[in-house]
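Sequences listed follow chains A and B, in order. Start counting the first sequence at -16; every next residue gets the next number (the working numbering). Start counting the second sequence at 293; every next residue gets the next number (the working numbering). Notes follow the structure.
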Amino acid sequence: MFKIVSKRQLNEAVTLMDIEAPYIAKKARAGQFIIFRIDEYGERIPLTIADTDPEKGTVTIIFQAVGTSTIALAKKNEGDYISDFVGPLGNATEIEGYKNVCVVGGGVGCAIAYPSAKALHNAGAHVDMIAGFRNKDIVILEDEMRAVSDNLYVTTDDGSYGEKGFVTNKLQSLIDAGNKYDLVIAIGPIPMMKFLAEVTRPYGIKTLVSLNPIMIDGTGMCGGCRVTVGGKIRFACVDGPDFDGHEVDFDELMRRNAYYKAQERESASHPCRMLASADEAVKEDK
Amino acid sequence: MANLSLTKTPMPEQDPNIRNRNFDEVALGYTEEMAKEEAARCLNCKNRPCTSGCPVNVRIPDFIAQIVDGNYEEAYKIITSTNCLPAVCGRVCTQETQCESKCVRGAKGESVGIGRLERFVADYHMAHVTEDTPAIEKNGHRVAVIGSGPSGLTCAGDLARLGYEVTIFEAFHKAGGVLVYGIPEFRLPKAIVQREVENLQSLGVEVRTNFVIGKTMTIDEIFEEGYEAVFIGSGAGLPSFMGIEGESLIGVYSANEYLTRVNLMKAYLDNYDTPIRKSHSVAVVGGGNVAMDAARTAKRLGAEHVYIVYRRSEDEMPARAEEVHHAKEEGIEFMCLNNPTRILGGENGEVRSIEVISMELGEPDASGRRRPVAISGSEHEIEVDTVIMSIGTSPNPLIRSTTEGLDATSRGCLVADENMATTRPGVFAGGDAVTGAATVILAMGAGKKAAVSIDKYIKEKNS
C-alpha cells in the first residue's frame, strides 16, 4: 500500500498528490513515469512523474480526473492509501548537450513539461517555456514553471490570461523572432504535439514528444503501448516515452488511445479522458 | 491387485458447450475411488523410468503406492519433498512428454495418469489439511529472487527451507508470474497459485510486489542492501509480432496483453474496471499452448467464431495434444497451413479481416519439422474483428541492460552454466530467462538446481 502524503487541487479538474514511494523517489529522472492501481478492481494507469523529493521519499503526480481510475484517485485524501504504485518506468528525457531549448506544455501536459524544463534548466541550458491553456481558470504550475525557465509564455485560447492564441502560434513567433533552438520538447494532447512537430519540421529543429498510450505492465510485456515511429513498431514503455516528434504516427496513436472509449463510457457515465484531451487540443490548434 | 485396463481412468470434465461460456476449471479432478483405481494401474517398476523423466525427480511410484493404500497425506509428503508446487504441476505439466512418456504401461495402451494422480493428492491435501508451518531455523543469510513465476517460487521455497532469508521481487502487483497473468483460470485456478504463494510466505519468504529490478532497483543495489546472492527468474515476457501490415490496427493484441487483461486484471468479471474488446470473430495466430489459451479465452468472452491460424499442419503444432483436443471440443476452428500476410482495417482503424496465404509442407527445416512453403497466389481473407498474435515471446532486456558482467546470447537469453550460475559472481538464473519460452516444470527444475548452487556458493563464501 502506498500513502498519499499530501494533496492539492491545481484547478477544478487537476489534482497534485505526493505519494510515499522512497525507492522510486530516489531513482526517478525527468520524463519517467509510474503506474498506479487504486485498488484490487482498478486498472493499471500510467502517469508521468512531475517531481520527486528523495529525502522525504515522495513522488509527485499531477493528473486530470477524467477516467474511472483518475476520478477515483481524485476522491482520495491525504492519509489515504492506494494499493499499487510502481516505477520509475521508461527512459529519462535526454537533457545532455542542449544549450537552447523551448519546452512546450499544453493543459495538464504542463505537469510533465515542467520536470523536463527543470532538468534542462539545472543542467545549464537556456530554457524558454510556452504553457498553453483553454482559459484562465485552468492555468496550473505558473510559479513553478517560471522558476525553471528563462522566459515563460502563457497562452490561453480565449485570451482570458497571458497571450491570446495557441502554443503553435507562439512557438512560430519565437522562431520568427530569431530564437535558435537546438531542441523543442512538446508535451500535451496528441493533436497539439502533432501540430507543434509540423511547426518545427521546416526548420529541422529536433522535437521530442512524450507519449502516453494505453499500457498494462509498463515493462515491455503486453505490447499494448506500441506506436509507429519512423515506420517501425516501438513500445512506448521501454523504448520511450519520448520519441522524435517528426517520426511519430500521431493519427494511429490517437485511434489506438480511443480504443476503449465506448466501453469506458458504458462502465461509468463520465466524460472520456481521450475525448476530453482531444477536444481540448483541437480547440487549441484549429 | 493391479488394474490391467489399457486406458487411463477418465477424469470428469465440464461439458464443452457449457464450459466454453464460463471460466471455471475444465477438468474436475479424480474422486478418491477414481484415484485408487488409477493408482492400481502402476506396476511399481524397479528401475522407475517415470522418475527419470521428471525434471524435479518426483518419486512417482512411491507416492502412487501410498494412494493405493489410501495414505494421501503420505503421498503428498513424498511429492513435496522434491516438488513444492504439486497442485500447479498436476494441472499444467506436460506429463505426456516427461514422466508419462517413460511409463512402462504406455508401451501397450495408455501410461498411468501420473499428472492426474499428482493433482488428486495436492487437491486432497488442500481440502483436508491445514498447513503446519515447519519451524525453520534461520541461518542469517539473505538471498534475492527476481520474479515470482515457477522458477522463482521454487528457488525461494527451497532456499527458505534451508534457512535462508529470501525476498522475492515481483514487477506486477500480484505474485505468480505466468501462473497468474498467462495461464487462464479455467486451466489453473488462481486460488491455487495464491495458496502456494501463501505457503511460501508462511515459510518466511518476503514478497515485494510493484518492484521492477532494473528500474526500481538494480542488481548492484540489491547486493548493496546486504543480499549475498541473486536468482533471476524473470521469464520470457516480451511478445513478438510478425512485422506485417496492420498490426497496429485497433483489435490486434499480443496474446500476452489479451491474457493479462483477462487473467491478472480480471476483465471477464463485471466488478473489475479492466476493459477488453467484445469480439464477434477472432483469429489467433500461432499453434502453441498460449495460442490455445487465448483462443479458448476469446470463446468464453463471447466470440462466435474463434480461428487458430497456424502456418504448419496440426501434426507440427507445439501445443499439448490435450489442449488442442479441449479447444476443438469447445468449438475453436482450426485453420492450419495458413500464414497471415496482412491485417486489413476499416475506415475507423479497426480490424476488418486478416489476409492469409495457404501453405504446403516441404523438406524438414532446422527444427526437424517440415518447412511450410507458401502457395503463390493463394491469398484469401478471413473476416475477423480481432487478431491475437501468439507467435512467441523472448526475455525482457531490463535486467541484462542494467547489470554489468551479465552475459546474454544473441537471442537475449541469459548465459548460465549447468549449475545455473551466470557470468556474474553471485548471480544465478533459470527458467525462461535462460532457455527462452519453455514450460513451467523446466523452470521449476532450474529454480531447484539454482537453490542448491546458491546454498553451496554462500556456504563456500562464508567458510
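Quick reminder that beta carbons are idealized off the backbone N, C-alpha and C, glycines included.
In the DSSP assignment, what are the bridge partners of residue i?
i	result
residue 438/B	461/B, 524/B
residue 85/A	111/A, 167/A
residue 688/B	Bridge partners of residue 688/B: none, in fact.
residue 393/B	None; residue 393/B has no bridge partner.
residue 420/B	Paired residues: none, contrary to the question.
residue 69/A	18/A
residue 280/A	Nothing about residue 280/A can be read from this structure; chain A reaches only from -16 to 269.
residue 320/B	Answer is none; residue 320/B lacks a bridge partner.
residue 24/A	BP columns for residue 24/A are empty, so no partner.
residue 575/B	599/B, 679/B
residue 630/B	650/B
Counting contacts by CB-CB distance shorter than 9 Å, is residue i in contact with chain B?
i	result
residue 261/A	At residue 261/A, the pLDDT of 40 sits below 50, so the modelled position is not reliable; the number obtained from the coordinates is stated separately. No, residue 261/A lies away from the interface with chain B (no Cβ there is under 9 Å from its Cβ).
residue 189/A	no
residue 204/A	yes
residue 239/A	yes
residue 230/A	no
residue 49/A	no
residue 216/A	yes
residue 225/A	no
residue 7/A	yes
residue 52/A	yes
One question on the structure: do residue i and residue j come within less than 9 Å of each other, judged by their Cβ atoms?
i	j	result
residue 272/A	residue 49/A	Not covered by the structure: residue 272/A. The range shown for chain A is -16 to 269.
residue 194/A	residue 149/A	no
residue 532/B	residue 684/B	yes
residue 583/B	residue 600/B	yes
residue 476/B	residue 315/B	yes
residue 383/B	residue 322/B	no
residue 507/B	residue 9/A	no
residue 4/A	residue 107/A	no
residue 564/B	residue 586/B	no
residue 84/A	residue 159/A	no
residue 210/A	residue 196/A	yes
residue 446/B	residue 739/B	yes
Is the CB of residue i under 9 Å away from at least one CB in chain A?
i	result
residue 540/B	yes
residue 549/B	yes
residue 481/B	no
residue 535/B	yes
residue 504/B	yes
residue 465/B	yes
residue 688/B	yes
residue 434/B	no
residue 682/B	no
residue 640/B	yes
residue 563/B	yes
residue 605/B	no
residue 444/B	no
residue 580/B	no
residue 296/B	no
residue 416/B	no
residue 546/B	yes
Roughly how far, in whole angstroms, is the beta-carbon of residue i from the beta-carbon of residue j, given that I think they are within contact range, below 8 Å?
i	j	result
residue 671/B	residue 647/B	6 Å
residue 724/B	residue 687/B	7 Å
residue 435/B	residue 575/B	Not really, about 44 Å apart at Cβ, beyond 8 Å.
residue 212/A	residue 230/A	5 Å
residue 30/A	residue 201/A	So it is not a contact: roughly 11 Å between Cβ atoms.
residue 547/B	residue 681/B	7 Å
residue 523/B	residue 444/B	7 Å
residue -2/A	residue 46/A	6 Å
residue 536/B	residue 499/B	Not really, about 40 Å apart at Cβ, beyond 8 Å.
residue 450/B	residue 743/B	4 Å
residue 238/A	residue 641/B	4 Å
residue 19/A	residue 65/A	6 Å
residue 95/A	residue -7/A	That belief does not hold up - the Cβ atoms of residue 95/A and residue -7/A are roughly 13 Å apart, past 8 Å.
residue 504/B	residue 690/B	7 Å
residue 732/B	residue 485/B	Not a contact, Cβ separation roughly 11 Å.
residue 463/B	residue 497/B	The Cβ separation is near 17 Å, so there is no contact.
Could you tell me which chain C residues have their CB closer than 9 Å to the CB of residue i, listed as they occur along the chain?
i	result
residue 553/B	The structure shown contains no chain C; the protein chains it does contain are A and B.
* **Complete runs of the alpha helix (DSSP H) confined to the segment 202 to 253 of chain A [at least 4 residues]** => Whole alpha helix (DSSP H) segments, 4+ residues: 219 to 222, 233 to 240, 244 to 250.
* Contiguous beta strand (DSSP E) assignments of at least 3 residues, all confined to the segment 450 to 498 of chain B -> Listed in chain order, the complete beta strand (DSSP E) runs (minimum 3 residues) inside the segment 450 to 498 of chain B are 457 to 461.
* **Secondary structure, beta strand (DSSP E): runs of 3+ residues fully inside the segment 141 to 187 of chain A** => 166 to 170
* Ignoring anything shorter than 3 residues or poking outside the segment 657 to 686 of chain B, list the beta strand (DSSP E) runs there in chain order. => Qualifying beta strand (DSSP E) stretches, in chain order: 662 to 666, 672 to 675, 678 to 681.
* Would you mind listing the beta strand (DSSP E) stretches within the segment 697 to 738 of chain B that are 3+ residues and don't spill past its ends, in chain order? => Qualifying beta strand (DSSP E) stretches, in chain order: 719 to 721.
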